[in-house]
Every structure is written in C-alpha cells, then in structure tokens.
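All letters in the sequence shown, in the order written, are residues 35 to 201 by our numbering. Take a look at the structure below.
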Amino acid sequence: MPSPRPRRDPARILFWVTHAVYLPLGYFVYLVWSLSGGFVVWDLQVLGYSAEWVQRFLAALPPEGAEIYIHRVRPLDTVIPVLLAVTISAFALKTRVWWRWVCVAIAANTALLDLLENVRLVALVSGVVAPSPEAVAAVSWVTQAKFASLATSLAVLVLAQWRTRHA
C-alpha cells in the first residue's frame with residue numbers, strides 16, 4: 035500500500051516563495067548600488083539617513099539607476115513586504131499561544147510601514163518631493179520604524195514558537 039502523500043506546509047511554501055522574490059530584488063538593488071558609486075540603498079539602512087546623505091545619493095544616481103529603482107526595485111519591494119508579513123503570520127498562526135495575533139498585527143504593521151516608505155522614497159527619487167531635511171527626516175523615521183517593527187515581529191514569532199515547543 036503506497037504511503038499517503040505528505041501534506042504541504044503553507045508557511046514553508048510562503049517562506050520559499052518570499053526568498054525567490056528576494057533574488058531578483060537583490061540583483062536590482064545591486065545594480066542601483068553599483069550605478070550610484072557604492073551608496074547603500076536607503077531602505078536598507080537600519081539607522082536611517084540624513085538629508086545630506088540623500089542629496090549625495092541622488093546626485094550620484096544616474097538616470098538609469100533611478101529608472102531601475104523606480105521600475106524594478108519598487109515593484110518587487112511592494113510585493114516583498116506583503117509576502118513577508120503573510121509568511122511571518124503563517125508561522126505565527128501555527129503556534130499555540132494566545133498572543134500569536136500580536137505577531138500577526140506587528141507583521142502587518144511592518145508591511146504598512148514598508149509600503150509607506152516606498153511611496154515616500156519614489157517621490158524623492160522621481161523629484162516629486164525635494165530632499166529637504168523635513169522630508170528626509172520623515173521618511174528616515176519610517177525606515178527606522180520598519181526595521182524596529184520587523185525585529186519585534188520576528189522576536190515575538192521566535193518566542194511564540196519556543197513557548198509552543200516547550201509548553
């Protein structure tokens with residue numbers, strides 16, 4: 035008698051799909067990095083950035099780099115936060131702690147912050163918004179909040195999984 039087909043785990047499938055989308059995103063971020071003369075893309079800067087840094091980055095970024103950022107990086111970075119939030123939520127919902135919903139809420143918050151950051155960064159790259167100290171401080175704060183939220187959701191997820199395994 036053949037053995038039953040193993041059940042596919044949606045959380046693990048989401049994990050691998052999310053990583054698959056990260057691959058082309060990483061490639062396009064690398065292109066922006068190389069075209070800008072080695073500037074680390076701002077939405078990867080955990081501690082944020084200053085108006086002076088943004089002005090230097092935008093001055094170093096050729097039109098081709100701006101096009102890649104707007105038309106390649108941004109679409110992928112719109113999908114990634116949603117996929118990541120759904121993936122974290124799928125793993126959280128597998129736990130047996132009542133506060134797993136806190137992890138889901140924090141993951142959703144991370145996605146919203148990332149999407150807000152994307153809108154503001156595209157406005158700066160496209161020149162719709164001038165890189166004034168106020169505009170940069172506002173988006174830099176969103177970048178920092180995104181990373182804090184992501185770290186918190188992952189910490190809560192790890193704690194929820196640990197509690198489930200050791201309860």
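For glycine and all other residues, C-beta sits at the position ideal for the given N, C-alpha and C.
Problem set entry | Endpoints, alpha helix (DSSP H) assigned at Y103 | Under the DSSP assignment, Y103 falls outside any alpha helix (DSSP H); it carries neither an H nor an E label.
For this session: Please name the residue, chosen from E151, A94 and I122, that lies closest to W17 on a Cα-to-Cα basis.
Result: Not covered by the structure: residue 17. The range shown for the chain is 35 to 201.
Exercise. Does the region 92-100 come close enough to the region 169-185 that 3 or more CB-CB pairs lie under 8 Å?
Worked result: Not touching, per the Cβ criterion.
Exercise. Buried or exposed: V153, going by 16 or more other Cβ atoms within 10 Å of its Cβ?
Worked result: exposed
Problem set entry | Three-state class that DSSP yields for R42 in the structure shown | coil
Problem set entry | Assigned exposure category for Y103 - 16 Cβ within 10 Å defines buried | Around the beta carbon of Y103, a 10 Å sphere encloses 16 or more other beta carbons of the protein chains shown; the residue is thus reported as buried.
Problem set entry | Buried versus exposed, by CB contacts within 10 Å (16 or more), Y83 | buried
Exercise. Nearest CA to the CA of W76: which residue from L127, L146 and W175?
Worked result: Closest by alpha carbon: W175.
For this session: Indicate whether at least one CB of chain B lies closer than 9 Å to the CB of L150.
Result: Although the question refers to chain B, the structure presented lacks it and comprises just one protein chain.
Problem set entry | Separation of H200 from V156, as counted between CA atoms | 45 Å
For this session: Note down, in chain order, each residue of its chain lying with its Cβ closer than 7 Å to the Cβ of L149, except the 5 sequence neighbours on either side.
Result: T112 and P115
Exercise. Whose C-alpha, out of V63, L118 and F91, is nearest the C-alpha of H53?
Worked result: L118
Problem set entry | First through last residue of the alpha helix (DSSP H) which encompasses Q89 | A85 to A94
Exercise. Apart from the five residues just before and just after V66, which ones in its own chain have a Cβ nearer than 6 Å to its Cβ?
Worked result: Here the set comprises V75, G99, I102 and Y103.
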